[in-house]
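Heads up: the structure comes next, in C-alpha cells.
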Amino acid sequence: MSEHDHSAPLPDVELRVRALEAVLKEKGLVDEATLDTVIDHYENKVGPHIGAQVVARAWTDPDFKARLLADGSATIAEIGHAGLEGTHMAVKENTAQVHNLVVCTLCSCYPWSTLGLPPTWYKSAPYRARAVRDPRGLLEDFGVKLDDDVEVRVWDSTAEQRYLVLPARPDGTDGMSVDELSELVTRDAMIGTGIVAPPA
Amino acid sequence: MSEHDHSAPLPDVELRVRALEAVLKEKGLVDEATLDTVIDHYENKVGPHIGAQVVARAWTDPDFKARLLADGSATIAEIGHAGLEGTHMAVKENTAQVHNLVVCTLCSCYPWSTLGLPPTWYKSAPYRARAVRDPRGLLEDFGVKLDDDVEVRVWDSTAEQRYLVLPARPDGTDGMSVDELSELVTRDAMIGTGIVAPPA
Amino acid sequence: MTNSVHDLGGMDNIGPVIVEENEPVFHNDWERRVFSLTLATLAAGYFRTDEIRRTIEDMPADEYLSTSYYEHWLAGLVALMLEKNVLTTSELASGKSERDEGMRLPPLPKEAAQFAMTNPLPANVDAKVQPRFKIGDRVHTRNMHPMHHTRIPRYGRDKEGVIDTLQAVFLLPDTNAYGGPDTPEHVYTVRFSYQELFGPEASPKDSLYIDMFESYLEPA
Amino acid sequence: MTNSVHDLGGMDNIGPVIVEENEPVFHNDWERRVFSLTLATLAAGYFRTDEIRRTIEDMPADEYLSTSYYEHWLAGLVALMLEKNVLTTSELASGKSERDEGMRLPPLPKEAAQFAMTNPLPANVDAKVQPRFKIGDRVHTRNMHPMHHTRIPRYGRDKEGVIDTLQAVFLLPDTNAYGGPDTPEHVYTVRFSYQELFGPEASPKDSLYIDMFESYLEPA
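Protein chains in written order, with the working numbering: chain A, 169 to 368; chain B, 169 to 368; chain C, 42 to 261; chain D, 42 to 261.
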C-alpha cells in the first residue's frame, strides 16, 4: 500500500497501466483533461461529507427525512447530490430496534455520489464474505455491539440501486446546526459499520 | 514442478520442511527407517498396477466380480490389497448405460492401496471444482465422449469410503489372460476420466 | 462467470477485515490512472458496467483473491480492450500504437464526464413491462448455475423470500454483460430471513435483503 | 472451516485441469519428506486425519488456491504440531530443538507403518447405533453453515436426495477434527439428481452421490 520508491524497478502493474494509457492516448481514444476531471472529482469533490450533510439535514428536518426514506433518489438529487453510482438511492434508517448494514458481495457497489469512492476494506474479499455470513461478529470487530433484541438488516447491493444508512442521531445534540451535526457523521455510520457518537 | 537447482538459494518451502524434520528427529519423535519405509511403499510398491489386477480379475471371473461389486472392501482385501486409504472400498461398474466418475471436492480422498498416490490433477482445485459442476465437459477434455443416453454418476468421496471404477472390458480381448488384460487398464479408467481402449 | 470466487457472500476464512486509518482515495498514481481510464472508456461507450464486472470475475481465482481492487479493474479493463479489438496484446506490451483498425469512438469530453458525475442519469429503462410480483409476495429464488455472468449470489439461490420493494426496470446483467441483447426486467428487493439462508442456527431476528432481477424469481 | 475455499465443488473459473504426462509420485525430495513425516506423526497418534483436514482448510483462501498439494500438507502439519505443542515457532525457525516439554509419543516403528499400509484397518467404530434411515428413504440435507469443520459440501446442502447405501458407523468429522469428543454416526451414500443440485438446466439423466453423515440429513 505504500508509495513505490521510484529509484527501484517499476512493478509490473505500473508498467502495464502506463502502456495501456500510452496506447489509448496515442490512438486518440481518451482525453487527458477528462482523466484529470474524473480524478479531481473523486479525489477532491465527493466524499462522506456529502452523505453527512444529507444525514444531518434528515435529523433536523422531519419532512426531508420522510421524503428521503420514501424516495432516496429524488430527495438526494433535489439537494444536488447525484451522479454515477448514486442515481438510484435507497436510504435505510437505523433505530433503537433496527440496525442496517450495506455490502456488495459480488463486487463493491457503493454510493459514490454521496460517500465518494469506497475504502479498501469495503472492497475487500473479507468484508464481502463476512458481512452476510456473520454481520454481528463483523460489527463487533468494528466496535459496534448490538443488543440481542436489535434486528440486523443486511443489504446486499447486487443491482443498480445504492444504499445509504441513516444513522441514529446521538444524544446531546439538541440545538446543533446542520453543519455542526454533519461534523459528527462518519462514513462508517452511513455504511452501517459504525454508529454516530455523541459530541465529545 | 521441476527439480530445484541446488546451486540457487533454497526456496522457503524446502527450508521449512528441513527445519520441521530436523526438530522432530532431534526430539526423537520420528524414526528415519519409518520415513524411508513409508516413502518406499508409496513410491515403489503401490500404484495403478494393483487396481489393474483387480479389474482384470473381475473381467475374467464373474464370481469375483459379483463379490467385488457387492463388497469391495472384503473382496479387494481377500486378494491382499488393503491398507491406509483403502480399507473401505466401493467399486462402481461402467457399462454401456452408466459412466462413473470419482472426485473428492473437499480435499483429495483417493484409494491409495489400490491406485497408489493420486496424480496432481486429481488433487488440483480445477478438477475438484469441475468434476461435479460439469462432468461431461470435463470428460470431453479427457478425451471421453459419452453418448447423451449414457447416465453419468459422479461420486464425491467426502467420508471414509474410497471409490474404484470398474471400467468396461474393451472389445478384442477375448482369451487374454489376467496379466495381459491388466496391462490395458489405465489409472484414469479406474478414476473414471478414461476408458480402456482395445489392444492396439 | 456464475460460481467464480468473486461470489464471496457467506464464505469463511477469507481473512480479517483490515481498516486503514486516514486512507487516501488513491494509494498510487497508477490507481488514479486505472480508475479514470476505466470511467472515460466506459462513459465513451466502449463497454457497459456489467461487461467489466464479467471480465473481472473471469480472472483466475487465486489471482482474484491475491490482488487489489484496482488490479481487478486493470485486469477487467485490459480484457475488455482486447475483446473489443480496441488494442492488441502486442500494443499493450510495447506501449505503442501499431495499427489503426479496431473499435474507435470519440474521446469523452471533460464536460460530459463532469455532467455524468454530478447529475442523475437513471439507469433504468422505460420499458412497458408488467411486474410479475407485488410487495408481500412470497418468492422462491431459482436454483440457477448458468455458464455465464449473473448477479444472483450463490448463497441466495434456491431459497424463499418476500418481495420488499419494487425498484424499477433495468437491463438483465446476464445478457447486458455481453453487450446485449437488452433484456429489460423488473428488479425487486427481496427479504430473506437469516434462518432461511443460513439454517436454524442463524439469528432468528435478522434479515438479508438482496436486489433480484425478476427472472431470478418464481412464485413460492 | 465450513465455507472456506477448499469447498470447491461446483465452482467456476478455477482454471484448466492440467495433466502431467508420466508424472512421478513425488516431484521433489521435500514432497517425500512432508508426506512421510505427516504419515509417521499421524500413525504415531499425534493427530487424526480430520484434524489435518481442518488445519489445511484454515489456510488463507488465496494461499490455499495458489499453493500445491504438499504445501497444503506442510501448512496443515506445521499448524497441528504447533497447536499440539509438539514444537514451537522458534524451533521451526531455527531448525533446532529448544526445550523438552510438549506432546511426546514414541516414534512409530517401521513395522507398524508397514502393517498399516498393507492391512485392512477399518476406520468404522463398533458402536451400537441404530440407523435413522434405510435404503430408498428420501432425505433432505440440512442447511447447515456451522462455524467449524464439517464434511457436507456447500453445493449439497438444503437439497433432496435418496439413501443409496448404508456404509457403516464412523466418527463425525465435525467433532473428530478437534480431537473429539467422539461422535459415532451412520454414514450413507446419498444420491442426488443433477437437476436437484444444479437446477433445471442441468442434465436430466445424471446423478451425484455424496457420502453423508447422519446428522447432515433429515427426513424429506
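Glycine residues also receive a C-beta, built at the ideal position from the N, C-alpha and C atoms.
query: Which ranges would you report for the alpha helix (DSSP H) in the region 196-228 of chain B if only whole runs of at least 4 residues count?
result: 200-208 and 216-228
- Let me know the secondary structure DSSP gives C:His227 once reduced to three states. strand
### Message
I'd like to know if A:Trp227 contacts chain C, where contact means its C-beta is closer than 8 Å to some C-beta of that chain.
### Response
no
Where the region 54-68 of chain D meets chain B: residues whose CB sits under 9 Å from a CB there: Asn54, Ile55, Gly56, Pro57, Val58, Ile59, Val60, Glu61, Glu64, Pro65, Val66, Phe67 and His68
Look at A:Val333 and A:Lys260 and say whether their C-beta atoms are less than 8 Å apart.
yes
Query raised in the report: Hey, C:Thr216 and C:Pro222: beta-carbon distance below 8 Å or not?
Result: yes
Proximity to A:Gln221 [Cα-Cα], best of A:Asp324, A:Ser345 and A:Glu253: A:Ser345
Next on the checklist: Restricting to Cα atoms, I'd like to know which of C:Met52, C:Val58, C:Lys125 and C:Leu49 is closest to A:Thr288.
Outcome noted: C:Val58
| said: Looking at the strands, I want to know which residues DSSP matches up with B:Met257. | reply: B:Arg330
Exercise. Using a Cβ-Cβ cut-off of less than 7 Å, list which residues of the region 176-209 of chain A approach chain C; keep chain order.
Key: Val181, Glu182, Arg184, Val185, Arg186, Ala187, Leu188, Glu189, Ala190, Val191, Leu192, Glu194, Lys195, Gly196, Leu197, Val198, Asp199, Ala201, Thr202, Leu203, Thr205, Val206, Ile207 and His209
Subject >> Integer Cβ distance of A:Ser241 from C:Pro161, believed to fall under 8 Å >> reply: 7 Å
Can you tell me whether D:Tyr235 is helix, strand or coil according to DSSP? helix
Beta-carbon neighbours of C:Arg183, restricted to chain D and to distances below 7 Å:
Gly240
**Request:** For the region 314-331 of chain A and the region 261-269 of chain A, state whether three or more C-beta atom pairs, one from each stretch, are separated by less than 8 Å.
**Result:** yes
Original post:
With 16 other CB atoms within 10 Å as the buried threshold, where does A:Gly360 fall?
Top reply: buried
Tell me whether D:Pro214 sits in a helix, a strand or coil according to DSSP, three-state version.
helix
| Taking Cβ positions, are C:Ser248 and C:Tyr235 nearer each other than 8 Å? | yes
Enclosing beta strand (DSSP E) for D:Met158 [first to last residue]
Premise fails: D:Met158 lies in the alpha helix (DSSP H), Lys151 to Thr159, not in any beta strand (DSSP E).
Worksheet item: Which of the residues in the region 330-349 of chain B, read from start to end, lie with their CB under 8 Å from any CB of chain D?
Response: none
(request) Count the other C-beta atoms from every protein chain shown that fall within 10 angstroms of the C-beta of C:Leu78, then say buried if there are 16 or more, exposed otherwise. (result) buried
Worksheet item: How is the beta strand (DSSP E) around D:Arg179 delimited, first residue to last?
Response: Arg179 to Thr182
> Any Cβ of chain C within less than 8 Å of the Cβ of A:Arg144?
Replying inline: Because chain A spans 169 through 368 in this model, residue 144 of chain A falls outside it and cannot be assessed.
Report task. Just mark B:Ala196 as buried or exposed, buried being the case when its beta carbon has 16 or more other beta carbons within 10 Å. Result -> Residue identity differs from the one stated: residue 196 of chain B is Gly in this sequence, not Ala. The residue in question, B:Gly196, is exposed, as its Cβ has fewer than 16 Cβ neighbours within 10 Å.
Listed by chain order, chain C residues near A:Tyr295 by CB distance under 8 Å:
Val58
Taking only three categories from DSSP, how would you classify D:Ala209? strand
Count the other C-beta atoms from every protein chain shown that fall within 10 angstroms of the C-beta of B:His174, then say buried if there are 16 or more, exposed otherwise. In this prediction, B:His174 scores a pLDDT of 41, lower than 50, which makes its location untrustworthy; the coordinate-derived value is nonetheless stated afterwards. With fewer than 16 Cβ atoms within 10 Å of its Cβ, B:His174 is classed as exposed.
Exercise. Applying the criterion that 16 or more other CB atoms from any shown protein chain within 10 Å of the CB defines a buried residue, is D:Thr130 buried or exposed?
Worked result: exposed
| Which one of A:Leu314, A:Pro335, A:Pro338 and A:Arg301 has the shortest CA to CA distance from A:Asp324? | A:Arg301
*Can you name, in chain order, every residue of its own chain whose Cβ lies under 7 Å from the Cβ of D:Asn44, other than the five neighbours on each side?*
His186 and Arg195
Touch check for the region 132-149 of chain C and the region 134-151 of chain D: three-plus C-beta pairs under 8 Å?
-> no
#### Entry: Partners in chain B for D:Gly86, counting only beta-carbon separations shorter than 7 Å
Under the 7 Å cutoff, chain B gives no residues; its nearest Cβ is about 11 Å from D:Gly86.
Just mark D:Asn69 as buried or exposed, buried being the case when its beta carbon has 16 or more other beta carbons within 10 Å. buried
Original post:
What in chain A is Cβ-close to C:Val119, meaning under 8 Å?
Top reply: Arg184 and Leu188
Report whether the distance from the Cβ of D:Leu118 to the nearest heavy atom of the ligand SAM is below 7 Å. This structure simply doesn't include the ligand SAM, nor any ligand for that matter.
Q | Residue span of the beta strand (DSSP E) that contains A:Glu319, given as start and end | A | Glu319 to Asp324
- Task: For D:Gln208, decide whether its Cβ has a neighbour in chain B, counting only Cβ atoms nearer than 8 Å.
- Result: yes
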